[in-house]
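Accompanying notes for the structure given below.
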Amino acid sequence: MALLEVKDLQVYYGVIQALKGINFEVNEGEIVTLIGANGAGKTTTMQSIIGLIPSRGGSVIFDGKDITKTPCHKIVHLGMAQVPEGRRVFQELTVYENLLMGGFSQKDKSAIKQDIESIYERFPRLAERSSQIAGTLSGGEQQMLAMGRAMMSHPKLLLLDEPSMGLSPILVDQVFEIIKDFRKDGTTVLLVEQNAGKSLAISDRAYVLELGEIVLSGTGAELAASDEVKKAYLGG
Amino acid sequence: MKFIETLLNGLSMGSTYAMIALGYTMVYGIAKMLNFAHGDIIMVGGYMIFLSMTAVGNPVLGLAAAVIFCVVLGITIEKIAYKPLRGASPLAVLITAIGVSYLLQSSAQMIFGSAPKMVIIADLGNLEFAGLKVPVYTLVTLGCSVVIMLALNLFVKYTKIGRAMIAVSEDKGAAQLMGINVNGIITVTFAIGSALAAFAGFFMLMKSPSLTNTLGAMPGIKAFTAAVIGGIGSIPGAMVGGILIGVVEAISLTVPAIAAYTDAIEFLILIVILLVRPTGILGKKRREKV
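Respectively, the protein sequence lines represent chains E and H.
Quick note on the numbering used here: the first sequence kicks off at 46 and runs consecutively.
Quick note on the numbering used here: the second sequence kicks off at 77 and runs consecutively.
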């Protein structure tokens, strides 16, 4: 059964229709990527699924429940997390406090401490900067923090919105390695990326979004080999 | 000696302003709105103290009744008047807040009349030592305020809800992604602000027992000034701004040549500080997010 089912999802900004009824699904254990140009509706899709912006039609089914009208904070408690575009770590809080915020939906205090320890093992840089204000971190460190923060809630489904944006090539590779690690640990991933090549390479399946509509779908390898995708997104 | 007395008086007035300013600044920081009805919560608290002093005669019970009533009132106002406007233009919210302010003042006038009520909370007398003569109420005000502000700082820094308040004030969307119920945090903020306003009303009536339906109007505006001077949205800023305004007011009132211009001087300080530091003394420049 699909962990996430998006059916005929429609989102408007005022009178402008940003999503024109898109359909896709993410099965448990998969990495699924949405690729598309600027303005295609990728971030809108991500924010609408998790309830940050309201939809005007269609439905979102997560883990067997209809969450179309569920407010964002409740969806997070159901086991979905998102690393938003631009990372959006809490600039005025320390690295440690940011991770604590990530564990907001968790009740057990000692488990939260252990989770932070394991995130520090995965990202040793964050451990070094534990008591540093997050606003002073570099872009790469902030991305690690945003990913660690999202993992604090033990999500079944993790939405990653442009995690490689603005990072140096070495860090981009590192981010994609981490995404693969997430899947290894049993987290299902829905990824939005402009870096189509790298994201298709790690994806089980992918969809191409153009002006609010899904125009292509297939396995990561199929799409990477398709002429249309090559021309539009892979630079050749 | 006289100067130390004036300074203590100023600190006590300033801490009262700070208590009110905290309500403005926290609501602004978290709900991103200017709650111009905040000063009138003080007045409602004053009438609750008046009612319970008349009925029971115990000032501590009076304070407790005022705090409880103001918290309920603050939450109710937010739910009925402000929550439906979330996402509306800031101007609509501002006008609504001014409307709520008049509603509260007029309701109080209809219920209690326009003649001042005398609320004698307790005659605590003066404390004399080392040539100083200090009214005990100034020390009570100062002591209580310091304890409350310390507690508030600890609450914000070290509790889950307090940290959630910082998160919401910085980025509402990201806070929701953490599983934080933003509406719940806004409710808590209004509750805390209203409770602090009730305390401020108590301190003001200790200082001067005359109670009318405009009790909170001028202190409200001055505390708002203090919040802006300190940097609106900043909790330590509200404390610093409040104390500054209080001390300036106390000093100015003792100098006959300028005493009549005290209010003007306070607002002049606002203008000067905003010219030099547009974000206020402790205000941070925030990167505006799209």
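We put the CB at the ideal spot given by N, CA and C, even for glycine.
The count of Cβ pairs closer than 8 Å, one atom from the region 203-220 of chain H and one from the region 136-151 of chain H, stays below three, leaving the stretches out of contact. Here isoleucine 261 (chain H) is actually not in contact with threonine 101 (chain H); their C-beta atoms are around 15 Å apart, not less than 8 Å.
Residue environment: glutamine 185 (chain H) is assigned as exposed (fewer than 16 neighbouring CB atoms within 10 Å of its CB, all protein chains considered). Shown here, glutamine 55 (chain E) sits in a strand according to DSSP, grouped into three states. Within the DSSP secondary-structure output, glutamate 255 (chain E) pairs in a beta bridge with E:Glu258. Alanine 157 (chain H) is outside the set of residues whose beta carbon lies under 7 Å from a beta carbon in chain E. When beta bridges are read from the DSSP output, arginine 162 (chain H) appears opposite no residue. DSSP places glutamine 151 (chain E) outside any alpha helix (DSSP H), giving it a letter other than H or E. Proximity to leucine 49 (chain E) across E:Thr233, E:Leu279, E:Val253, E:Leu261 peaks at E:Thr233, based on C-alpha coordinates.
Using a 10 angstroms sphere on the CB of isoleucine 349 (chain H), the tally of other CB atoms reaches 16 or more, which defines it as buried. For leucine 137 (chain H), the three-state secondary structure derived from DSSP is helix. The shortest C-alpha to C-alpha distance from valine 51 (chain E) to any of E:Ile61, E:Lys201, E:Tyr57, E:Gly66 is the one to E:Gly66. DSSP places methionine 125 (chain E) in the uninterrupted beta strand (DSSP E) bounded by 125-128. For valine 258 (chain H) and methionine 241 (chain H), the gap between their C-alpha atoms comes out near 9 Å. In the DSSP annotation of this structure, the continuous segment of the alpha helix (DSSP H) that includes isoleucine 262 (chain H) starts and ends at 258-283. Here valine 260 (chain E) is exposed: its Cβ has fewer than 16 other Cβ atoms, across all protein chains shown, within 10 Å.
Positions of the alpha helix (DSSP H) runs, each at least 4 residues long and wholly inside the region 309-343 of chain H, are given as 311-330, 332-335 in order along the chain.
Here proline 295 (chain H) carries a helix assignment [DSSP, helix/strand/coil]. When CB distances to chain H are screened at a threshold of 7 Å, not a single residue of the region 50-80 of chain E falls below it. In this structure the region 246-265 of chain E lies against the region 71-81 of chain E, because at least three pairs of beta carbons, one per stretch, are closer than 8 Å.
When DSSP reads this structure, methionine 194 (chain H) sits in a beta bridge with H:Ser286. No Cβ-Cβ contact shorter than 7 Å links glycine 249 (chain H) with histidine 122 (chain E). Sixteen is the threshold: since fewer than 16 other Cβ atoms of the shown chains lie within 10 Å of the Cβ of threonine 130 (chain H), the residue is exposed. A distance below 8 Å between beta-carbons, with the five flanking residues on each side excluded, links glutamine 177 (chain E) to the following residues of its chain, in chain order: Thr139, Val140. Rounded to whole angstroms, the gap between the alpha carbons of alanine 271 (chain H) and alanine 107 (chain H) is 17 Å. For proline 129 (chain E), the C-beta contacts it makes with chain H under 8 Å involve Gly249, Ala250, Leu253, in order along the chain. Look at serine 198 (chain E) here: in three-state DSSP terms it is coil, with no helix or strand label. Taken through DSSP and simplified to helix, strand or coil, valine 134 (chain E) comes out as coil. The beta-carbon of isoleucine 256 (chain H) is placed less than 7 Å from the nearest beta-carbon of chain E. Using a Cβ-Cβ cut-off of 7 Å, methionine 146 (chain E) counts as an interface residue toward chain H, since at least one Cβ of chain H sits closer than that to its own. Only exposed fits asparagine 134 (chain H), as fewer than 16 other CB atoms lie within 10 angstroms of its CB. Rounded to the nearest whole angstrom, the C-alpha separation of glutamate 173 (chain E) and arginine 194 (chain E) is 16 Å. Serine 163 (chain E) is classed as exposed because its beta carbon has fewer than 16 other beta carbons within 10 Å across all chains shown.
Assigned with DSSP and collapsed to three states, lysine 110 (chain E) falls in strand. A residue is called buried once 16 or more other Cβ atoms fall within 10 Å of its Cβ, and valine 223 (chain H), having fewer, is exposed.
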